[in-house]
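Asker:
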Amino acid sequence: MSQIIFGCGDVGRRIARALINDGVSREALVAYVRSSASAEVCSRLGVMALRVDLDKLQRGLSPCHESQLYYTVAPPKHGTQDLRTEALLTALTKDKIRPSKVVVISTTGVYGDCDGDWVTEQTPTNPSTERGQRRLDMEQRWLTWGYKLRVPVVILRVPGIYAYSRLPRERIKAGIPVVKRDECGYTNRIHADDLARVCVAAMQRGERGEIYNVTDGRPGSITEYLQAAAHVLGHDPLPEITMQEAQQQLSDGMLSYLSESRKISNLKMLTDLGVELTYPDFMQGIKY
9 MSQIIFGCGD VGRRIARALI NDGVSREALV AYVRSSASAE VCSRLGVMAL
59 RVDLDKLQRG LSPCHESQLY YTVAPPKHGT QDLRTEALLT ALTKDKIRPS
109 KVVVISTTGV YGDCDGDWVT EQTPTNPSTE RGQRRLDMEQ RWLTWGYKLR
159 VPVVILRVPG IYAYSRLPRE RIKAGIPVVK RDECGYTNRI HADDLARVCV
209 AAMQRGERGE IYNVTDGRPG SITEYLQAAA HVLGHDPLPE ITMQEAQQQL
259 SDGMLSYLSE SRKISNLKML TDLGVELTYP DFMQGIKY
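Reading the sequence shown from the start, the letters are residues 9 to 296 in my numbering.
1) Can you tell me which residues form a DSSP beta bridge with R165?
2) What residue range does the alpha helix (DSSP H) around I180 cover?
3) Does the contact criterion of 3 or more C-beta pairs under 8 Å hold for the segment 116 to 125 versus the segment 175 to 192?
4) With a 10 Å radius around its C-beta and 16 neighbouring C-beta atoms as the bar for buried, classify E147 as buried or exposed.
5) If you scan the segment 196 to 270 from start to end, which runs of the alpha helix (DSSP H) of 4 or more residues do you find wholly inside it?
6) For L53 versus R21, is the C-beta spacing smaller than 8 Å?
7) Considering just the uninterrupted stretch of the alpha helix (DSSP H) at V19, what are its terminal residues?
8) Please report the straight-line C-alpha distance between Q130 and P160, rounded to a whole angstrom.
9) Does DSSP classify R59 as helix, strand or coil?
10) For the beta strand (DSSP E) containing A39, list its first residue and its last residue.
11) Tell me, please, which residues DSSP counts as bridged to F290.
12) Could you check what DSSP says for L285 in three-state terms: helix, strand or coil?
13) How long is the line joining the alpha carbons of W150 and R216, rounded to whole angstroms?
14) Under three-state DSSP, which class holds Q130?
15) What residue range is occupied by the uninterrupted beta strand (DSSP E) comprising Y78?
Written out as structure tokens, the structure is:
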């Protein structure tokens, strides 16, 4: 059976490697990418890469029929709707293409600010940013389409994705301040390699319509993470400022992350998907 990866960037390529390590033939892998640079990287992995722009998509996705499909594409950067997902689902419907199963990467941002409380898959969604609203819209479109066409869809809600190759080098090199630890809320993380393995496990064992939080289960502050990253990269500790000072100095994007605090439980993922994390703590995984 073919394995289709939509949006074969860093995480998508890690999914491809995980599948290959599990014995899937490279000839069975197809990546849909937007840029020629991504296509070239996929080709070096031995994965057939097809270029597609979901912002302009009409039809012509026949390789997806009866394949297992991993969807890693981020929604557009503005608005509250995910029109990229809508374009893909419209094209699949027009061409009468029905994947055998779909795994979709979403975000734990759909829960919004939980004031530092523990969050499970039963926690109501309440996205407080447009970014979270777009992801929730994406989830709902995939689940609705899946139920209508009887295609099993599994949603993975993912927090911050990290790996040594993904560390924010430019931010750390510039010495941009971080908020004092005692003023930070809780954030959550998952190593990119563990995420890839969870995606494969969800394809193999995830049930139709189910939602899984994908995290290492060790919530902490963004300041802890950034200071650890600075240390690993050989830089001096980043200056720490108050939240009030941050309102004047940090970007709107960073402030939006700081405005939310939640501790994400990964019990359902570990139990139902049978996943054993390689990096259950970012202090271990940040070096790899």
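Idealized CB from N, CA, C, for every residue including glycine.
Answerer: By the coordinates alone:
1) S114, N221
2) 177 to 181
3) no
4) buried
5) 200 to 213, 230 to 240, 251 to 257, 260 to 266
6) yes
7) First-last of the alpha helix (DSSP H) with V19: 18 to 29.
8) 20 Å
9) In the displayed model, R59 falls within a strand according to three-state DSSP.
10) Counted as a single uninterrupted DSSP element, the beta strand (DSSP E) harbouring A39 occupies residues 37 to 41.
11) Answer is none; F290 lacks a bridge partner.
12) coil
13) 12 Å
14) coil
15) Per DSSP, Y78 belongs to the beta strand (DSSP E) from 76 to 79.
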